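Q:
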Amino acid sequence: AIQVLANTPYDTLAPAAIKLLDAKQPPILQHAAITSLGASSDERVGAALLANWPSFTPQIRDAVLKALFARVNRLPALLDAIEKSVVRRGEISAIGREQLTASRDQQIASRAQKLFANPTANADLLERIDRYQRALSSERNVERGKQVFVKNCLACHKLNDEGHDVGPGLGTIINKPDETILLDLLDPSGRIEPEYRSYLVTTEDGRTFTGILVSESPTSVTLRKEKGTSESILRKDIEFIKASNVSLMPS
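If you count the sequence shown from 1, you need to add 165 to reach our numbering.
This is how it looks when you write it as structure tokens:
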């Protein structure tokens, strides 16, 4: 039915489409709402698509971003959301950043160039990076490192046949430079891959769940938690769902 409204005026389409963007709705209906809103040229579409951004799953976020980048008049709303930290800069692809910073609309380009000029890092993080950077040149104790790894890392990461598949597997970590590994450890929230973003779910009866979204269906979402345990929540029971900007991994 929402497709029928796609060619109607925005004021007719918006109420129904925005309602279907609720996290309680199956992904197929959310996608239909995004497609219908995307067919409108009204400049209010950008803000409407972003209104429920914190509750969107990775699949829905990708669809929303594609719709936002499809029309220039939606980009100011996206920049507003980035400036307010609703959408993280890291969620914008390199192509998307280029589209913003090189926009022919000078206001869009100017705002984007300021946002993406330099990554932010607080003084404490910079100090810790500097301190541990110096430690990279010190003598290493493999046995102590293994003890720390087993105690702190295997609850969420898997290496060979040990650990749990919650965060990224560590089989290829040997190919990364030491400096990259160090930054990932000290600032795990700085760059979170979409498939490892944690979500907070609150149900109608007051229960809360936090974990990595590992699957979703028309009727439920499934979160994976520490030590590989999973929890499935029925969409009809969900009161609120929100993507976290903070990694499950402690810094």
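Just so it is clear, CB atoms sit at the ideal spot from N, CA and C, and this is done for glycine as well.
On a predicted model such as this, the values are computed, not experimentally measured, just so you know.
Beta-carbon within less than 7 Å of ALA242's beta-carbon, same chain only, minus the 5 sequence neighbours each way: which residues are those?
A: Excluding positions up to five away in sequence, the list reads GLY211, ALA212 and LEU215.
Q: Going straight from the alpha carbon of ALA408 to that of TYR364, what length do you get?
A: Their backbone Cα atoms lie some 4 Å apart in a straight line.
Q: In terms of residue numbering, what span does the beta strand (DSSP E) encompassing VAL331 cover?
A: From DSSP, VAL331 is part of no beta strand (DSSP E); its letter is neither H nor E.
Q: If we ignore side chains and look at the alpha-carbon of each, how far apart do ILE294 and ASP349 end up?
A: When rounded, the distance between both Cα atoms is 10 Å.
Q: How far does the alpha helix (DSSP H) with PHE374 in it extend, from its first residue to its last?
A: PHE374 -> not in any alpha helix (DSSP H); beta strand (DSSP E) instead, spanning 373-381.
Q: On a CA-only basis, which of ARG209, SER397, ILE377 and ILE273 is nearest GLY332? Give me that one, please.
A: Of the listed residues, the one whose Cα sits closest to GLY332 is ILE377.
Q: Any idea which residues DSSP pairs VAL366 with across the strands?
A: Beta-bridge pairing links VAL366 to PHE374 and ILE406.
Q: If you drop the 5 nearest sequence neighbours on each side, which residues of the same chain put their C-beta closer than 6 Å to that of SER354?
A: Only VAL411 and SER412 meet the Cβ criterion.
Q: Taking 7 Å as the limit between beta carbons, can you name the residues of its chain near GLN224, skipping five residues before and five after?
A: Around GLN224: PRO192.
Q: When the cut-off is 8 Å and only beta carbons count, does PRO191 lie next to chain B?
A: Reference to chain B is not applicable here, since this structure consists of a single protein chain.
Q: Measuring CA to CA, which of ARG226, PHE221 and ILE273 is closest to LEU244?
A: Among ARG226, PHE221 and ILE273, the Cα nearest to that of LEU244 belongs to ILE273.
Q: When the distance is taken between beta carbons, is ALA277 closer than 8 Å to THR266?
A: In contact: THR266 and ALA277 (Cβ atoms closer than 8 Å).
Q: Tell me whether ILE260 sits in a helix, a strand or coil according to DSSP, three-state version.
A: In this structure, ILE260 counts as helix in the three-state DSSP scheme.
Q: Using the rule of at least 16 other Cβ atoms within 10 Å of the residue's Cβ for burial, across every protein chain shown, is VAL313 buried or exposed?
A: Classification for VAL313: exposed.
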